[in-house]
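> Shown below is the structure under consideration.
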Amino acid sequence: MLHVPPPIPEACAVAFPGDAAVRSVAMAWQDSLLRERRMAANTVEAYARDLRQFLCHLQSRTGAVRIAGLVSLKPRDILGFMAARRAEGVSGRSLMRSLAGLRSFARHLDREGHGSVSALGAIRSPKLERRLPRPIPIAAARALTDIDIRAGETREPWVLARDAAVLALLYG
Numbered sequence: 001m002l003h004v005p006p007p008i009p010e011a012c013a014v015a016f017p018g019d020a021a022v023r024s025v026a027m028a029w030q031d032s033l034l035r036e037r038r039m040a041a042n043t044v045e046a047y048a049r050d051l052r053q054f055l056c057h058l059q060s061r062t063g064a065v066r067i068a069g070l071v072s073l074k075p076r077d078i079l080g081f082m083a084a085r086r087a088e089g090v091s092g093r094s095l096m097r098s099l100a101g102l103r104s105f106a107r108h109l110d111r112e113g114h115g116s117v118s119a120l121g122a123i124r125s126p127k128l129e130r131r132l133p134r135p136i137p138i139a140a141a142r143a144l145t146d147i148d149i150r151a152g153e154t155r156e157p158w159v160l161a162r163d164a165a166v167l168a169l170l171y172g
């Protein structure tokens with residue numbers, strides 16, 4: 001099923017919301033991810049998008065976002081953001097990435113002397129849904145279980161027969 005995210009408010013799609021200090025620190029953080037930590041451009045883009053969405057969420061709830069407000073966040077503020085994202089249909093993996101990006105930004109705030117965002121330490125990462133292994137194509141399963149095809153291998157015949165039996169049980 002294809003997930004289409006809801007439209008992001010125009011102001012949040014391009015620039016970081018908040019006062020000039022928040023925007024400046026966010027831009028410095030984004031630059032440090034690229035230059036100092038040498039993260040992939042797509043990862044930095046995703047982290048920046050997650051931070052913009054979080055700041056937009058805060059701005060819609062509390063008004064103007066300031067660094068002092070970020071440092072004094074409560075766990076319920078972050079949980080509220082994650083619940084809103086989950087309600088939009090965002091997967092657990094994306095929520096984990098969002099949380100990782102927010103934690104990275106919080107570490108940057110702390111390193112730059114703006115204060116510690118202790119609320120992020122109280123938040124657990126969301127659990128991932130377990131997925132079943134994907135089935136292999138029928139032709140590949142037959143090739144794996146056909147003893148005659150695998151006869152040239154340098155294994156004992158009983159090992160080949162055992163492997164074929166296990167694969168036949170798994171893939172029928």
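The sequence shown begins at 1 in full-length UniProt numbering and counts up one residue at a time.
C-beta: ideal position from N, C-alpha, C; glycine also.
Remember, it's a predicted structure, so these values are computed and weren't measured experimentally.
Taking just the CA atoms, how far does L95 sit from R86?
Taking the straight line from one Cα to the other gives about 8 Å.
> Given 8 Å as the limit, is there contact between the segment 34–49 and the segment 60–78, that is, 3 or more CB pairs closer than that?
Verdict: no, contact absent.
> Helix, strand or coil: which one does DSSP assign to E112?
E112 falls in the coil class under three-state DSSP.
> Would you mind sorting A139 into buried or exposed? The rule is 16 or more other CB atoms within 10 Å of its CB.
Counting Cβ neighbours within 10 Å, A139 comes out exposed, since fewer than 16 surround it.
> For R93 versus L144, is the C-beta distance shorter than 8 Å?
Against a cut-off of 8 Å, the Cβ pair of L144 and R93 comes out as no contact.
> Let's see if you can read the secondary structure: which residues bound the alpha helix (DSSP H) around A122?
Premise fails: A122 is in no alpha helix (DSSP H) and is neither H nor E.
> S98 and D50: beta carbons closer than 8 Å?
Yes, they are a contact pair.
> Could you give the residue range of the alpha helix (DSSP H) that holds G80?
Counting along the chain, the alpha helix (DSSP H) containing G80 begins and ends at 75–87.
> Give the single residue among S91, G113, G101 whose Cα lies nearest to the Cα of Y47.
The shortest C-alpha separation from Y47 is found at G101.
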